[in-house]
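The next block holds one structure in the form of structure tokens; read it before the comments.
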Amino acid sequence: VTGGRTRNVGAFVRARRAGWERLEALAARAESGRLPLGEVRELDRLYRRAAGDLAFARGAFPGSDAEAHLAQVTARAYGALYRPHGGSAALVWRVLRVEAPAAVRGHLRALALAAALLAGAATAGALAVALDPSAAELLVPEQVRDAIAARQMWTGHLLQVAPGVSGSAIAHNNLTVAGLAFALGLTAGLGTAVLLVTNGLLLGAVLALAAQGGMAGPLLAFVAAHGPTELSALVLAAQGGFVLAGAVIDPGEWPRGAAVAAAGRAAAPLLAIVVPALALIALVESSVSPAPGLPGWAKGAVGLALAGALWAFLLAPGRALRPPS
Amino acid sequence: VSDAPELRFETPERVALHLELAGLGARAFAYLLDVLLVFLLWVLALVVYSISGDLLRQVLALSWAGQLLAVGAVLLSGWGWDVAWEVAAGGRTPGKRALGIRVVRADGGPVGLVESLARNVLRAIEVPLGYAPGVLAVALGPRRQRLGDLVAGTLVVRERRVDLSRYAAPDRAAPDPRFAALRGRADALLAADEFERLVDFLARRPDLVPEARARVASRLAVALARRLGAPPPEEPEPFLEALAADYAGSGR
Numbered sequence: 001v002t003g004g005r006t007r008n009v010g011a012f013v014r015a016r017r018a019g020w021e022r023l024e025a026l027a028a029r030a031e032s033g034r035l036p037l038g039e040v041r042e043l044d045r046l047y048r049r050a051a052g053d054l055a056f057a058r059g060a061f062p063g064s065d066a067e068a069h070l071a072q073v074t075a076r077a078y079g080a081l082y083r084p085h086g087g088s089a090a091l092v093w094r095v096l097r098v099e100a101p102a103a104v105r106g107h108l109r110a111l112a113l114a115a116a117l118l119a120g121a122a123t124a125g126a127l128a129v130a131l132d133p134s135a136a137e138l139l140v141p142e143q144v145r146d147a148i149a150a151r152q153m154w155t156g157h158l159l160q161v162a163p164g165v166s167g168s169a170i171a172h173n174n175l176t177v178a179g180l181a182f183a184l185g186l187t188a189g190l191g192t193a194v195l196l197v198t199n200g201l202l203l204g205a206v207l208a209l210a211a212q213g214g215m216a217g218p219l220l221a222f223v224a225a226h227g228p229t230e231l232s233a234l235v236l237a238a239q240g241g242f243v244l245a246g247a248v249i250d251p252g253e254w255p256r257g258a259a260v261a262a263a264g265r266a267a268a269p270l271l272a273i274v275v276p277a278l279a280l281i282a283l284v285e286s287s288v289s290p291a292p293g294l295p296g297w298a299k300g301a302v303g304l305a306l307a308g309a310l311w312a313f314l315l316a317p318g319r320a321l322r323p324p325s
Numbered sequence: 326v327s328d329a330p331e332l333r334f335e336t337p338e339r340v341a342l343h344l345e346l347a348g349l350g351a352r353a354f355a356y357l358l359d360v361l362l363v364f365l366l367w368v369l370a371l372v373v374y375s376i377s378g379d380l381l382r383q384v385l386a387l388s389w390a391g392q393l394l395a396v397g398a399v400l401l402s403g404w405g406w407d408v409a410w411e412v413a414a415g416g417r418t419p420g421k422r423a424l425g426i427r428v429v430r431a432d433g434g435p436v437g438l439v440e441s442l443a444r445n446v447l448r449a450i451e452v453p454l455g456y457a458p459g460v461l462a463v464a465l466g467p468r469r470q471r472l473g474d475l476v477a478g479t480l481v482v483r484e485r486r487v488d489l490s491r492y493a494a495p496d497r498a499a500p501d502p503r504f505a506a507l508r509g510r511a512d513a514l515l516a517a518d519e520f521e522r523l524v525d526f527l528a529r530r531p532d533l534v535p536e537a538r539a540r541v542a543s544r545l546a547v548a549l550a551r552r553l554g555a556p557p558p559e560e561p562e563p564f565l566e567a568l569a570a571d572y573a574g575s576g577r
């Protein structure tokens, strides 16, 4: 017997097992909800005792099932004990309310870069078509050109993975585009930039072409309600991509892997805003945008109000930048 | 002691914890299970839709209701499925739960919304590549992280369910009378790791080839009987069982 503990692994397990089982039960309940204070104290006490048992088992019974079991139980209790305060819903809400605005405001240069690339490319696309209408053959997919030439309303999706693949369902999925804009940050930002530029060029070129064909009014009326928020979401996802890219290009004094993980943690709250924004705007796109009874100015007002609300939520001053400890 | 790669971290109380990392097979299989589950849910939805009367059709014909369902379905059948489960169920999607693996942060803590979003949104570039970088990274990388795990700072660990019944005290009512002389001596005779290996053998013997089983049993029995100063037992396996039972039942 050593310090109150036996060298017989069977006796050791029998003496301590009830405590480990109680610890596991408490940890499972703590993972799925809240514990009363008394049980939290018990969880803490049993966790410390199991950690001590683990240290003892590692020395006395290395490689035994008892040690493996203790390692599992201790790790699980550790996760339950050090999990952030509040249930899943409270944690999700805090990410939306606190971490996402902080992530936007904490990386304003990445935001400016994303917005500038999209706006610059859109301007370039519009100018190219305005100066030389044959540029549209290069920049705008054939079916869109045909539709405008035939003076039909073009109701395709605003965002694309790349020009020319507009037919595929995946390409039309705004979520995929936003996810790519974020993930392609790993290509040192090149992929994100290409995505922004191709989408911007297309957008500008289509608008210019529609204006030449006398279709600018209907087109703008169609995209007015959902366009501003969709483009905002793309810019936010690309902002996250550029934050990742910053860690890939210049990890500073960290190992590159650690720098990328830290940047990923810093940028991912942006996704928590982008995903619900795109889900909500998909509803607007299917109900408000095609509504024939609504005049164009009303759709524009809806669109600007939605995008304005999004940016006000993210940028409005006076909110805590750090989660309360 | 297993050689599998481990996640090692230290708690604030300076307890070093090790968690075994999940391998490529378990992760790929869990992924396929999740894909299959989502597919079956779609089949179920289709069945419900086709056998339901006009009411559901009329509800879906309302553009907002149909769209609401469509948007929710798209979210949930993509990586929304993974994010929702990982956040709500401690890093376990149904597929991962079935395979006994879960996602944790590099510091051993549970994943939250932010980590889960980061690791699953990165599928946007991994799926078009057929998960090739992820498969290579999980198979060869020291921490078995795919791109999403690298960006989110997460790892996938194995949850071993250990059966502690081997340490249960034996039934004292019916000790084997042939080995009455053993009673109370196994505790001093066996080291803890020898007991573990002995129980490993006793648990695994139904799976062994009969010749190998007999050979190992007799070798163990002869060596242990020599330590006791006893002649080799005629039946090795009952002798080993009695020894293990005596060890597990003794000590304080």
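Chains as they are written, first to last, in our numbering: chain A, 1 to 325; chain B, 326 to 577. All C-beta atoms in this analysis are idealised placements derived from N, C-alpha and C, irrespective of residue type, glycine included. Everything numeric in this text was worked out from a predicted model, so none of it was measured.
Through-space distance from residue j to residue i, alpha-carbon basis
| i | j | result |
| --- | --- | --- |
| V429 of chain B | S441 of chain B | 10 Å |
| G240 of chain A | E345 of chain B | 32 Å |
| A119 of chain A | S375 of chain B | 47 Å |
| L209 of chain A | V223 of chain A | 15 Å |
| R76 of chain A | E519 of chain B | 29 Å |
| P101 of chain A | G478 of chain B | 21 Å |
| L507 of chain B | P558 of chain B | 12 Å |
| A301 of chain A | L131 of chain A | 31 Å |
| L96 of chain A | E335 of chain B | 30 Å |
| A326 of chain A | G257 of chain A | Shown here, chain A extends from 1 to 325; a query on residue 326 of chain A therefore has no answer. |
| L438 of chain B | A272 of chain A | 8 Å |
| G10 of chain A | R444 of chain B | 42 Å |
| D65 of chain A | Y492 of chain B | 9 Å |
| P458 of chain B | A353 of chain B | 13 Å |
| Q212 of chain A | A124 of chain A | 16 Å |
| T176 of chain A | G214 of chain A | 32 Å |
| G378 of chain B | A28 of chain A | 43 Å |
| T192 of chain A | L332 of chain B | 32 Å |
Span of the alpha helix (DSSP H) around residue i
| i | result |
| --- | --- |
| A150 of chain A | Premise fails: A150 of chain A is in no alpha helix (DSSP H) and is neither H nor E. |
| A341 of chain B | Per DSSP, A341 of chain B belongs to no alpha helix (DSSP H); it is in the beta strand (DSSP E), 341 to 345. |
| E99 of chain A | No alpha helix (DSSP H) holds E99 of chain A; DSSP gives it neither H nor E. |
| V288 of chain A | From DSSP, V288 of chain A is part of no alpha helix (DSSP H); its letter is neither H nor E. |
| R16 of chain A | 9 to 32 |
| R83 of chain A | Neither: R83 of chain A is in no alpha helix (DSSP H) and is coded neither H nor E. |
| V372 of chain B | 349 to 376 |
| V429 of chain B | That residue, V429 of chain B, is in no alpha helix (DSSP H); its beta strand (DSSP E) goes 426 to 430. |
| W406 of chain B | 405 to 413 |
| A188 of chain A | Taken as a continuous stretch (DSSP letters only), A188 of chain A belongs to no alpha helix (DSSP H), as it is neither H nor E. |
| W311 of chain A | 296 to 315 |
| F564 of chain B | 561 to 574 |
| Y47 of chain A | 37 to 60 |
| A122 of chain A | 108 to 131 |
| E230 of chain A | 227 to 249 |
| A548 of chain B | 535 to 553 |
| P218 of chain A | 216 to 223 |
| E137 of chain A | 135 to 139 |
7 Å Cβ shell around residue i - same chain, five flanking residues per side excluded
| i | result |
| --- | --- |
| R7 of chain A | A60 |
| L91 of chain A | P84 |
| L244 of chain A | G185, L186, V260, A263, G264, A267 |
| A329 of chain B | E345, L346 |
Residue range of the beta strand (DSSP E) that includes residue i
| i | result |
| --- | --- |
| L447 of chain B | Run containing L447 of chain B: none; DSSP gives neither H nor E here. |
| L332 of chain B | 331 to 335 |
Cβ shell of residue i (< 6 Å), same chain only, five flanking positions each side left out
| i | result |
| --- | --- |
| L111 of chain A | Q239 |
| L219 of chain A | A210 |
| E24 of chain A | V73 |
| S289 of chain A | F222, A225, H226 |
| A122 of chain A | G200, L203, G204 |
| A237 of chain A | A178, A181, F182, V274 |
Nonlocal neighbours in the same chain, by C-beta distance under 8 Å from residue i, ignoring five residues either side
| i | result |
| --- | --- |
| G425 of chain B | A351, R483, E484, R485, R486 |
| E137 of chain A | R145 |
| V476 of chain B | A443, R444, L447 |
Exercise. On the three-pair Cβ rule with 8 Å, is the stretch 255 to 263 of chain A touching the stretch 189 to 206 of chain A?
Worked result: no
Problem set entry | Minimum length 3: unbroken beta strand (DSSP E) runs contained in the stretch 464 to 519 of chain B | 479 to 483
Exercise. Would you say the stretch 527 to 537 of chain B touches the stretch 561 to 577 of chain B, given that touching needs at least three Cβ pairs under 8 Å?
Worked result: yes
Exercise. At a cut of 8 Å, does the stretch 543 to 551 of chain B reach the stretch 30 to 46 of chain A through at least three beta carbon pairs?
Worked result: no
Exercise. Counting Cβ pairs closer than 8 Å, one from the stretch 413 to 433 of chain B and one from the stretch 355 to 375 of chain B, do we hit at least three?
Worked result: yes
Exercise. Counting Cβ pairs closer than 8 Å, one from the stretch 425 to 439 of chain B and one from the stretch 298 to 306 of chain A, do we hit at least three?
Worked result: no
Exercise. How about the stretch 401 to 411 of chain B and the stretch 40 to 59 of chain A: do they share at least three Cβ pairs that are nearer than 8 Å?
Worked result: no
For this session: Count the CB pairs spanning the stretch 135 to 144 of chain A and the stretch 265 to 282 of chain A that are closer than 8 Å, and state whether there are at least three.
Result: no
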